[in-house]
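J.: Next up is a structure, given as structure tokens.
There are 4 protein chains.
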Amino acid sequence: MAGNGFGQIFRFTTWGESHGPAIGCVVEGVPPRIPLAEADIQPWLDKRRPGSSRFTTQRQESDKVQILSGVFEGQTTGAPVSLLIANQDARSKDYDAIKDQFRPGHADFTYWTKYGIRDYRGGGRASARETASRVAAGAIARKILGNKISVRGALVQMGPHEIDRKRWDWKAVDENPFFCPDAATANKWESFLDGVRKAGSSTGAVIEIVASGVPAGLGEPIYDKLDADLAKAMMSINAVKGVEIGDGMGVAALSGETDADEMRMKGGKVVFLSNHAGGILGGISTGQDVVARFAVKPTSSILTPLKSVDKSGKEVEVSTKGRHDPCVGIRAVPVGEAMMAVVLADHLLRHRAMGG
Amino acid sequence: MAGNGFGQIFRFTTWGESHGPAIGCVVEGVPPRIPLAEADIQPWLDKRRPGSSRFTTQRQESDKVQILSGVFEGQTTGAPVSLLIANQDARSKDYDAIKDQFRPGHADFTYWTKYGIRDYRGGGRASARETASRVAAGAIARKILGNKISVRGALVQMGPHEIDRKRWDWKAVDENPFFCPDAATANKWESFLDGVRKAGSSTGAVIEIVASGVPAGLGEPIYDKLDADLAKAMMSINAVKGVEIGDGMGVAALSGETDADEMRMKGGKVVFLSNHAGGILGGISTGQDVVARFAVKPTSSILTPLKSVDKSGKEVEVSTKGRHDPCVGIRAVPVGEAMMAVVLADHLLRHRAMGG
Amino acid sequence: MAGNGFGQIFRFTTWGESHGPAIGCVVEGVPPRIPLAEADIQPWLDKRRPGSSRFTTQRQESDKVQILSGVFEGQTTGAPVSLLIANQDARSKDYDAIKDQFRPGHADFTYWTKYGIRDYRGGGRASARETASRVAAGAIARKILGNKISVRGALVQMGPHEIDRKRWDWKAVDENPFFCPDAATANKWESFLDGVRKAGSSTGAVIEIVASGVPAGLGEPIYDKLDADLAKAMMSINAVKGVEIGDGMGVAALSGETDADEMRMKGGKVVFLSNHAGGILGGISTGQDVVARFAVKPTSSILTPLKSVDKSGKEVEVSTKGRHDPCVGIRAVPVGEAMMAVVLADHLLRHRAMGG
Amino acid sequence: MAGNGFGQIFRFTTWGESHGPAIGCVVEGVPPRIPLAEADIQPWLDKRRPGSSRFTTQRQESDKVQILSGVFEGQTTGAPVSLLIANQDARSKDYDAIKDQFRPGHADFTYWTKYGIRDYRGGGRASARETASRVAAGAIARKILGNKISVRGALVQMGPHEIDRKRWDWKAVDENPFFCPDAATANKWESFLDGVRKAGSSTGAVIEIVASGVPAGLGEPIYDKLDADLAKAMMSINAVKGVEIGDGMGVAALSGETDADEMRMKGGKVVFLSNHAGGILGGISTGQDVVARFAVKPTSSILTPLKSVDKSGKEVEVSTKGRHDPCVGIRAVPVGEAMMAVVLADHLLRHRAMGG
């Protein structure tokens with residue numbers, strides 16, 4: 051109810067602030083007898099970890115995850131899995147300057163208005179640091195999904211620069227610091243983002259998450275449609291302002307003839323001749339790739355002074371000099387993957403409950 | 051859990067199929083002593099009702115709502131409000147032709163795969179007829195929001211044709227059959243949609259919902275952010291494939307300087323100099339207009355024959371000759387308003403629980 | 051959240067007041083392809099129906115149930131099943147006398163204090179008439195449990211008079227108007243209750259519900275233990291003040307040696323040599339009979355004038371002359387069975403979700 | 051859904067096993083700006099702590115609680131409060147003997163059957179050690195309830211020996227190792243329990259929890275009645291087999307005249323002349339003391355060998371030689387208090403949401 055958890059059967063609840071002693075989450079609904087160790091989770095955290103290239107914040111966090119419960123002799127027991135990640139490089143005094151100011155584009159003003167108190171250090175609870183817990187939970191979700199279902203993400207637009215989809219290559223994603231599936235565009239982004247970074251500015255981005263091998267039948271209409279839960283999952287990520295499934299906002303311009311995914315039989319199975327629907331019809335997976343996209347706004351922490359006010363109602367100019375991501379969308383890729391994984395794991399178990 | 055309800059404190063659960071005896075919903079969490087009668091709900095249902103112009107399905111439904119509980123001597127009692135809407139014009143035999151076929155773009159294939167049984171009459175549970183219940187629940191939500199909060203919607207794009215935002219006029223919305231806020235564009239849409247309709251085709255649309263007067267402080271981070279719940283709410287509407295808050299997908303192309311909404315004091319209050327954020331920061335309302343947009347795909351029921359398969363695995367051609375909306379997005383306007391209203395009402399009560 | 055529903059996966063939400071047009075419920079989480087018709091539900095409602103003997107209220111209600119959704123061609127579809135029971139014999143004016151008074155032992159004072167408004171006719175939402183919806187939902191739960199699991203209830207104490215457990219005979223239950231499993235005691239109760247009834251008084255009772263054939267493994271520790279959910283289910287029934295599992299309150303007086311249920315192997319299976327635990331250990335079913343008991347207080351509506359106050363703070367004497375059950379515990383038997391069935395059905399589906 | 055949490059708005063989720071590195075919980079729905087420190091929680095944990103007298107287990111645990119989140123500069127922030135308690139005296143090898151055996155009365159057999167895996171060390175997840183997390187959450191709940199609402203518990207029966215209620219003295223509770231409100235009976239219990247302990251046996255108990263100062267109006271009928279939630283809360287505690295509100299199971303023997311709590315006006319307020327109802331009518335608090343009682347079965351770990359089986363289906367004799375509570379009911383007193391506090395805090399916030 052207080053909004054710190056996600057999922058129905060596979061459910062995780064996160065806690066912790068950017069500059070507190072630690073962050074973490076409790077993962078419930080993990081079926082028993084699944085092999086699980088820290089080593090299954092750590093690689094995904096490393097992918098999201100700050101400080102891994104000059105294009106992400108220089109905050110240094112090892113993000114080592116610790117399993118505190120729910121695993122016995124290398125296997126899950128059906129009990130909740132408690133995960134803890136210690137905070138290390140928390141320079142709280144960096145934030146003294148803005149403790150009474152509301153940074154534009156940040157949650158400072160709204161948290162203050164809602165709660166009447168605000169942990170201003172590094173954004174407190176509103177910090178994107180919370181997404182490390184999502185990635186950890188997502189790693190467990192992947193274990194539930196098994197090897198037949200893969201969840202992969204990529205950056206498909208940075209600022210005004212989109213990739214060329216004809217050059218899409220999943221292998222390229224791991225070979226540049228942007229998770230870009232198009233090597234040629236990755237090169238362009240490098241110089242673009244260097245410019246943004248040096249100017250003390252920031253840029254937005256679009257991330258695409260693709261789940262392959264998802265069986266048909268996942269999703270609980272009417273309100274817990276698979277796409278409705280994905281929309282909530284993605285929109286809940288920091289700085290996200292738009293979510294699309296399949297053709298997304300673009301469907302508005304289509305006619306019924308162009309939008310429909312026709313069907314044929316192939317090897318005794320139903321196949322679709324296109325995937326405008328992004329693998330979901332009526333809120334239920336079709337068996338095609340599930341495709342979700344989301345837009346991340348430019349990091350609000352920039353060098354340029356912006357007009358704002360402080361807690362006492364005084365008008366001020368705010369400029370952020372600390373360590374920040376020039377394109378926070380990059381590190382949103384593993385977060386988006388995690389959210390796709392947790393939604394699918396939850397719906398897999400929900401479907402199973404009803405005999406699916 | 052089974053996905054037929056929405057909301058936490060203000061929660062409604064819907065039931066019913068397109069061609070069953072009735073549809074309806076149970077609305078829980080309605081505070082006591084709110085004046086409520088059928089007459090408070092009916093106008094919103096009339097707005098969504100089919101058969102009101104040549105641009106919507108010709109199915110004739112009076113959509114008269116009946117309050118069965120929770121109201122005593124003209125006031126709510128705190129008990130659940132049960133609402134019932136009888137189905138009248140349910141020509142089930144129209145659907146005999148497609149009872150064994152999967153219509154492309156529809157939920158036929160996925161419902162069949164998930165449940166192993168399908169009420170094929172008019173789409174059964176997957177029919178947009180279900181949205182009447184949403185509108186009814188939304189009318190009650192509006193009573194909770196009170197007069198200071200208004201929720202209004204408009205069609206801002208039909209097919210490839212967008213409105214001119216400079217001509218936005220809320221009054222125009224009620225003066226054309228498209229809920230279009232730009233009279234000049236409405237005229238263009240009329241001939242465009244006549245063409246679509248006569249061709250037996252269909253078209254997509256974009257709907258924008260604006261809530262004014264929303265107090266700052268609504269929304270429960272991290273996972274029940276106001277925008278996350280709005281995203282789920284809108285994506286759960288039939289045929290929706292994309293949801294945006296504020297600048298939406300467009301934020302990807304922005305820089306931090308252009309995206310930030312600066313703040314100043316005015317009359318002792320914090321005011322924002324722009325609203326790129328759509329009235330939500332960190333998942334919490336800012337006090338500005340809350341702005342959500344969603345794209346509705348073109349009606350999948352079209353005259354043009356499409357390739358498909360049937361339950362026995364035979365390849366078939368499917369063409370739909372029945373009564374259908376050439377642009378189902380039009381009637382999605384009051385539905386989107388209702389979903390905005392229910393999300394806000396729920397969060398108003400949730401905020402109040404925590405002392406807000 | 052507002053408390054009108056019960057269950058997680060198998061979940062039903064009830065609505066309606068004693069003297070409104072109808073009562074009913076929406077049942078979600080019913081797996082698809084289960085044969086279901088009104089005739090599967092009606093017999094259980096008939097068992098609870100008022101007016102069936104001189105020992106229950108003389109209000110005449112046929113309690114005919116109507117299925118409004120979720121069933122197609124005789125089978126469930128996975129969509130919510132909406133059930134409606136019309137109110138017929140609602141003599142509202144009988145209640146004019148007490149519209150401003152708080153009847154001792156009833157919910158009049160608390161509803162008024164909580165909500166500031168009260169549907170006083172027949173107890174409104176607080177009336178035991180609501181339990182008809184539970185019984186209807188329970189009938190669907192039984193269909194999910196299947197034939198291998200039986201749920202039976204009996205009255206084991208009326209006023210100070212307990213049954214003799216050595217004479218327990220399930221067949222006797224259907225052969226007397228008290229659901230008493232001991233024919234000899236039933237005879238005694240008949241004259242006892244005649245005395246109570248003629249004196250305008252009332253009496254309490256204890257009901258025992260036994261579920262046989264329940265597989266080991268149902269229950270979700272820690273907080274959704276099978277016995278915790280049963281305790282909530284039974285305590286939520288009108289007028290219930292105590293709930294016991296197995297030896298219940300009596301375990302306090304036992305030693306570890308006498309309380310433990312020892313185990314042996316029999317035909318390759320684990321068998322227990324006693325059932326002090328009532329079929330539940332650590333919140334999980336053991337495979338033995340699940341045994342729950344609950345105490346129902348004497349009907350608060352009695353002829354004897356009792357001291358009370360009215361809405362204006364005036365001291366009054368209240369005496370109830372209308373139609374009432376001298377021992378409301380009798381009709382609680384089918385209600386208790388229904389609550390056992392819904393808890394088991396929910397946990398069966400929950401267990402299945404986790405791979406059980 | 052997986053059952054590790056309790057509450058709707060004020061909600062806590064626990065994790066951890068008896069012999070893992072730590073246990074803990076995440077507490078959500080804590081309103082902002084409440085002063086909170088470890089020192090507010092520790093005294094309640096100390097009250098429950100093992101090893102405090104010869105009548106409780108000799109396992110030595112300091113049970114020091116650590117707040118990891120949700121508190122900033124001494125006040126709650128509205129963010130989840132994560133609490134961690136390290137396990138110290140975890141002699142896992144004590145349990146090697148029973149790793150393959152099912153101890154009668156314990157959850158060994160059911161966990162094994164349900165999950166197919168079992169952390170056998172000290173009962174793993176099923177250990178009463180989990181209740182430390184409840185007590186910690188309860189301490190936060192007390193801060194929400196404030197000083198006007200007090201929650202106190204006492205042991206009122208040990209084995210067959212009940213207290214004399216005429217001698218009830220709350221001060222006595224803190225002056226004997228049994229939380230007994232009747233000093234004379236406490237003396238008797240001392241020799242009784244010494245006998246039990248030396249015989250390697252164990253005994254059951256009844257605990258009574260009384261909340262004073264609870265405002266009228268708390269509780270959400272129909273299914274989330276205050277008493278229904280209390281029943282679930284208490285029954286979810288390890289080894290509890292019965293729960294009573296007010297007169298409890300005893301109401302069965304009463305007549306309507308004796309059971310009814312009559313009302314009169316006093317100083318402009320409604321007062322009740324008795325409290326058979328235990329402060330709850332129609333599931334809503336009346337303003338009187340809320341009184342709940344529960345029975346705890348005798349510790350199943352006893353010296354006497356009992357018949358059982360092991361994982362391979364071999365018949366064995368099990369006798370427990372480790373450190374154990376001869377009357378586990380004693381340490382259930384602070385646990386019962388905590389559960390009363392969390393139920394009340396949750397309902398206080400739920401009531402506030404609806405305008406109460």
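Protein chains in written order, with this note's numbering: chain A, 51 to 406; chain B, 51 to 406; chain C, 51 to 406; chain D, 51 to 406. Cβ coordinates follow ideal geometry from the N, Cα and C atoms, glycine included. Since we're looking at a predicted model, the values are computed, not measured.
1) If A/Ile59 sits next to D/Ala52, beta carbons under 8 Å apart, how far is it from one beta carbon to the other, in whole angstroms?
2) Count the other CB atoms, across all protein chains shown, that sit within 10 Å of the CB of C/Asp219; report buried if there are 16 or more and exposed otherwise.
3) Can you have a look at D/Asn237 and say buried or exposed, based on whether 16 or more other CB atoms are within 10 angstroms of its CB?
4) What in chain A is Cβ-close to B/His156, meaning under 8 Å?
5) Unbroken alpha helix (DSSP H) runs of length 4 or more, entirely within the region 294 to 380 of chain D: which are they?
6) Let me know the alpha helix (DSSP H) ranges lying completely inside the region 105 to 164 of chain A, each 4 residues or longer, listed in chain order.
7) Within the continuous beta strand (DSSP E) that includes B/Ala261, where are the two ends?
8) Which residue comes first and which comes last in the beta strand (DSSP E) that contains B/Gln207?
9) Keeping to the same chain, check which residues put their C-beta closer than 8 Å to that of D/Ser200; ignore five residues upstream and five downstream.
10) With C-beta atoms as the reference, is A/Lys291 less than 8 Å away from B/Gly296?
11) Under 8 Å between beta-carbons, which chain C residues line up against B/Trp65? List them in chain order, please.
12) With a Cβ-Cβ cutoff of 8 Å, do D/His156 and C/Leu331 count as a contact?
13) Give me, in chain order, the residues of the same chain whose beta-carbon lies closer than 7 Å to that of D/Arg83; leave out the 5 immediate sequence neighbours on both sides.
14) If contact means a Cβ-Cβ distance below 8 Å, which residues of the region 164 to 187 of chain C contact chain B?
15) Cutting at 7 Å between CB atoms, please list the residues of its own chain near D/Met284, excluding the five before and the five after it.
16) So A/Phe228 is in the alpha helix (DSSP H); what residue range does that whole segment cover?
17) So B/Leu399 contacts chain D; which residues on that side make the cut at Cβ distance below 9 Å?
18) Spatial neighbours of C/Ala267 within its chain, please: C-beta separation below 7 Å, excluding the five flanking residues on both sides.
19) Would you mind working out which of C/Ser103, C/Phe105, C/Val115, C/Thr106 sits nearest C/Gln92, comparing C-alpha positions?
20) DSSP state of A/Lys291, grouped into three classes?
21) Out of A/Arg202, A/Arg175, A/Ser177, point me to the one whose CA is closest to A/Gly188's CA.
22) Whether or not the region 299 to 319 of chain D and the region 304 to 320 of chain C are in contact is what I'm after, with contact meaning three or more pairs of Cβ atoms, one per stretch, closer than 8 Å; do they touch?
23) Measuring only between beta-carbons, confirm whether B/Ile295 sits less than 8 Å from chain D.
24) Between B/Glu180, B/Ala222, B/Val368, B/Asp244, which has its C-alpha nearest B/Ala234's C-alpha?
25) Quick check on DSSP: helix, strand or coil for A/Gly406?
26) Considering only their Cβ atoms, is the gap separating C/Gly250 from C/Ile380 smaller than 8 Å?
27) With DSSP as the reference, label C/Ile194 as helix, strand or coil.
28) Between C/Ile59 and chain A, is there a C-beta pair that is closer than 8 Å?
29) Strictly under 8 Å for the Cβ-Cβ distance: is A/Pro81 near chain C by that measure?
30) Verify the CB distance criterion: does A/Pro376 have a CB-CB separation below 8 Å to chain D?
31) Which residue wins for smallest C-alpha separation from A/Gly128, given the options D/Asp169, D/Ser112, D/Trp239?
32) Any idea if A/Ala89 is buried or exposed, counting beta-carbon neighbours within 10 angstroms, 16 or more meaning buried?
33) Return yes when the Cβ of B/Asp232 is within less than 8 Å of the Cβ of B/Asp244, no when it is not.
34) In terms of alpha-carbon separation, which member of C/Thr181, C/Ile167, C/Gly173, C/Ala72 lies closest to C/Trp94?
35) With a threshold of 8 Å between beta-carbons, can A/Asp214 be considered close to chain B, or not?
36) Run through DSSP, which three-state label would A/Arg83 get?
T.: According to the structure data:
1) 7 Å
2) exposed
3) exposed
4) Leu331, Gly332
5) 306 to 309
6) none
7) 255 to 262
8) 200 to 208
9) Ala261, Ser262, Gly263
10) yes
11) Val76, Leu118, Ser119, Gly120, Ala129, Pro130, Val131, Ser132
12) yes
13) Gln125, Thr126
14) Lys164, Tyr165, Gly166, Ile167, Arg168, Asp169, Gly174, Arg175
15) Val290, Val293, Ala342, Phe344, Gly386, Met389
16) That residue, A/Phe228, is in no alpha helix (DSSP H); it is neither H nor E in DSSP.
17) Ala403, Met404, Gly405
18) One detail in the question is off: residue 267 of chain C reads as Gly in this sequence, not Ala. Excluding positions up to five away in sequence, the list reads Ile334, Ser335, His401, Gly406.
19) C/Val115
20) strand
21) A/Arg202
22) no
23) no
24) B/Ala222
25) coil
26) no
27) helix
28) yes
29) yes
30) no
31) D/Asp169
32) exposed
33) no
34) C/Thr181
35) no
36) coil
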